[in-house]
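*Asks:* Residue numbers (the working numbering), protein chains in the order written: chain A, 1 to 182; chain B, 1 to 182. Just so you know, even glycine gets a beta-carbon here, dropped at the ideal spot from N, CA and C. The structure under discussion is supplied below as structure tokens; questions concerning it will follow.
There are 2 protein chains.
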Amino acid sequence: MNLHSRGQEGQVVWFTGLSGAGKTTLVSALEGKLLEEGRKVQILDGDLVRENLSKGLGFSKEDRDTNVRRIGFVAGLLAQHGVTVLVSAISPYRDTRDEVLAGYPRKLEVFVDASLETVTRRDVKGLYLKAIAGEIAHFTGVSDPYEAPLSPDLHLRTDRSSVSECVSKLLGALGVREAVGA
Amino acid sequence: MNLHSRGQEGQVVWFTGLSGAGKTTLVSALEGKLLEEGRKVQILDGDLVRENLSKGLGFSKEDRDTNVRRIGFVAGLLAQHGVTVLVSAISPYRDTRDEVLAGYPRKLEVFVDASLETVTRRDVKGLYLKAIAGEIAHFTGVSDPYEAPLSPDLHLRTDRSSVSECVSKLLGALGVREAVGA
């Protein structure tokens, strides 16, 4: 399959959603497609950024917001230089996401959505079950809030759509046309 | 004056030196020349990074090192995408600079050097005099260490050379040829 792209300017594609909703899977699949297109792509993963930029921060609202703003700062720098930045971060608070996204001339907010039942079933480490049992504090979606986007650019239901369906929607939203049978 | 460049790969140009040594002046002047060349350039200033990535960190060795590593992480990401990153940061500890710089395939360590007498004379805020009087703790070069590079790629004496002389040396080291009389 060949892909034909429009525009090579940088932009930020911000994936928000619960742990286990499928952010990493989608971001990895999308990265592959965009690299085939010759785009410059950088994944900024919430955990990677915590390790490199936010060690010592915890999971209070203030600390989560600080982490999200730091991801946002780095994503903005990269996008300014023509990179398509794929941010994969729970980023649970709406006001902070909105604030960070407002700073980008070109961006896409992607809500990666799956039911609590689905993410719990997918969770091989059993963290959701522990959180539901009250054993993990500040666990997003259970013992800590997750504020879904009110009007995301894309709302992907990973419990109802396949990865390739979701990636097709992402490519469409990014102006990348998939050529059929080429 | 026209400039002719060789190579458009990203790299990190790391300016280390005392406050007042002239890092910001050189970085700004160099940025202008590189932009004329059509290069992608990003300045990462120690203070900017403190504001956006390291708020809450102090000036202990550990905190300074953390700040330098964060700058280093972001600089590396940008350089990977073809950006010439001009880092301007006191970055006083040799081992931490060496560790960060070792992670880049293409880099230049620039020691921006001026005597304590010179930087004190340039310091309109009088911070050096206060530090010398014992009124400011952790002031690099007076009440906190500055470990000069042992073998920097460039050693610029801003108390003996003009800005344009220093910039010429930088452009030479970056493979940018200045055309005379063009």
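I think Lys-33(B) touches Leu-171(B), with their Cβ atoms under 8 Å apart; what is that distance to the nearest whole Å?
*Replies:* 6 Å
*Asks:* Beta-carbon separation of Asn-187(A) and Val-41(A) under 8 Å?
*Replies:* Since the first residue of chain A shown is 1 and the last is 182, residue 187(A) is not available in this structure.
*Asks:* What span of residues does the beta strand (DSSP E) with Arg-157(A) cover, start to end?
*Replies:* 154–157
*Asks:* Quick one: what's Glu-109(A) bridged to in DSSP?
*Replies:* Partner(s): Trp-14(A).
*Asks:* Would you be able to state if there are at least three C-beta pairs under 8 Å between the stretch 86–95 of chain B and the stretch 99–117 of chain A?
*Replies:* no
*Asks:* What does DSSP give as the partner residue(s) for Leu-44(A) in the beta ladder?
*Replies:* Val-87(A)
*Asks:* Check whether the Cβ atoms of Thr-140(A) and Leu-35(A) sit closer than 8 Å, and answer yes or no.
*Replies:* no
*Asks:* Helix, strand or coil for Arg-39(B), going by three-state DSSP, please let me know.
*Replies:* coil
*Asks:* Would Phe-139(B) pass as an interface residue toward chain A - the criterion being a Cβ-Cβ separation below 8 Å?
*Replies:* Closer than 8 Å: no.
*Asks:* Tell me, to the nearest whole angstrom, how far the beta carbon of Leu-44(A) is from that of Val-83(A); I am working on the premise that it is less than 8 Å.
*Replies:* Leu-44(A) to Val-83(A), Cβ: 10 Å. No contact.
*Asks:* Using a Cβ-Cβ cut-off of less than 7 Å, give me the residues of the stretch 44–60 of chain B that come near chain A, in sequence order.
*Replies:* Asn-52, Leu-53
*Asks:* If we call anything under 8 Å between Cβ atoms a contact, is Thr-25(A) one with Val-163(A)?
*Replies:* yes
*Asks:* Could you check what DSSP says for Glu-147(A) in three-state terms: helix, strand or coil?
*Replies:* coil
*Asks:* Is the CB-CB distance between Ile-136(A) and Leu-127(A) below 8 Å?
*Replies:* yes
*Asks:* Name the residue from Glu-178(B), Val-12(B), Val-167(B) whose alpha carbon lies nearest to the alpha carbon of Leu-86(B).
*Replies:* Val-12(B)
*Asks:* Strictly by DSSP, which residues pair up with Thr-140(B)?
*Replies:* Asp-144(B)
*Asks:* Alpha carbon to alpha carbon, how far is Gly-103(B) from Lys-169(B)? Give it in angstroms, no decimals.
*Replies:* 24 Å
*Asks:* Would you kindly check if the distance between the Cβ of Arg-106(A) and the Cβ of Glu-31(A) is under 8 Å?
*Replies:* Their beta carbons are not under 8 Å apart, which means Glu-31(A) does not touch Arg-106(A) by this criterion.
*Asks:* Tell me where the alpha helix (DSSP H) around Lys-130(B) begins and ends.
*Replies:* 127–132
*Asks:* On the CB-based measure, 16 or more other CB atoms within 10 Å of its CB, does Lys-55(A) come out buried or exposed?
*Replies:* Exposed.
*Asks:* In this structure, how does DSSP classify Ala-183(B) when only helix, strand and coil are distinguished?
*Replies:* Any question about residue 183(B) goes unanswered here, given that chain B covers just 1 to 182.
*Asks:* Take the Cβ of Ser-60(B) as the centre, count every other Cβ of all protein chains shown within 10 Å, and call the residue buried at 16 or more, exposed below.
*Replies:* exposed
*Asks:* Relative to the C-alpha of Gly-76(B), which residue among Tyr-146(B), Trp-14(B), Pro-145(B), Asp-153(B) is closest?
*Replies:* Looking at the Cα atoms, Trp-14(B) is the closest of the given residues.
*Asks:* Assign Val-142(A) to buried or exposed, taking buried as 16 or more other Cβ atoms, counted over all protein chains shown, within 10 Å of its Cβ.
*Replies:* buried
*Asks:* Given Gly-72(A), which residues of its chain have a CB within under 6 Å of its CB, disregarding the five upstream and five downstream residues?
*Replies:* Val-100
*Asks:* When the Cα atoms are used, what is the spatial distance from Asp-47(B) to Val-124(A)?
*Replies:* 43 Å
*Asks:* Which of the three DSSP states, helix, strand or coil, is assigned to Arg-160(B)?
*Replies:* Arg-160(B): coil per DSSP, three-state reduction.
*Asks:* So Asp-65(B) is in the alpha helix (DSSP H); what residue range does that whole segment cover?
*Replies:* 61–80
*Asks:* Cβ of Val-68(B) less than 8 Å from any chain A Cβ?
*Replies:* no
*Asks:* Please confirm if Val-167(A) has its CB atom under 8 Å from at least one CB of chain B.
*Replies:* Judged by the 8 Å Cβ criterion, Val-167(A) is not in contact with chain B.
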